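Here's the structure we're looking at; comments come further down.
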Amino acid sequence: MKARIQWAGEAMFLGESGSGHVVVMDGPQEAGGRNLGVRPMEMLLLGVGGCSNFDVVSILKKSRQAVESCEAFLEAERATEDPKVFTKIHMHFVVKGRALKDAQVKRAIELSAEKYCSASIMLGAAGVAITHDYEIIELG
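Dropping the structure here:
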């Protein structure tokens, strides 16, 4: 996997993924930025949420669950002193579908956390306390 980060002036950077997609990262105004893009640590949190949500949906589909929507809401805490690493991340999943089985949703989240989501497993190994919960919304 490769990435290229290019400084775009002031506190703005353009990140290009190995697959050719570009994202804008920018700092807050108090750090010389113009608030025109996500912060790098926000990008990291988005990556963790995207990785885990991808797994959950994929596992539910493979287990023939009629999932129609899955949202992951993440809240993170960071250390107060430099380096301001993540210390805690909580993921709340809202899974919508028809006749979804609670045990299947729970298992999909567990499998992501314990086996498949490289991003969250890596952060957990680095000492970040990661917790999960979920709710299921039945669509009529």
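Heads up: take any position in the sequence shown, counting from 1, add 1121, and you land on the working numbering. Glycine included, C-beta positions come from ideal geometry on N, C-alpha and C. Just so you know, these numbers come straight off a predicted model, no measurement behind them.
So for GLN1127, helix, strand or coil by DSSP? strand
Measuring only the C-alpha atoms, how far is TYR1255 from LYS1227? 8 Å
What number of angstroms, rounded off, separates the C-alpha of GLY1248 from the C-alpha of THR1201? 16 Å
Residues in the same chain with beta-carbon distance under 8 Å from GLY1139, minus the five sequence neighbours each way, listed in chain order, please. MET1122, LYS1123, ALA1124
For ALA1068 and GLU1131, what's the separation of their Cα atoms in angstroms? For residue 1068 there is no data in the structure shown, the boundaries of the chain being 1122 and 1261.
With a threshold of 16 other CB atoms inside 10 Å of the CB of GLN1186, please say whether the residue is buried or exposed. buried
Rounded to whole angstroms, how far is the Cβ of SER1239 from the Cβ of CYS1172, which I believe are closer than 8 Å? 6 Å
Out of ALA1229, LYS1209, MET1133, which one is the CA nearest neighbour of GLN1150? MET1133
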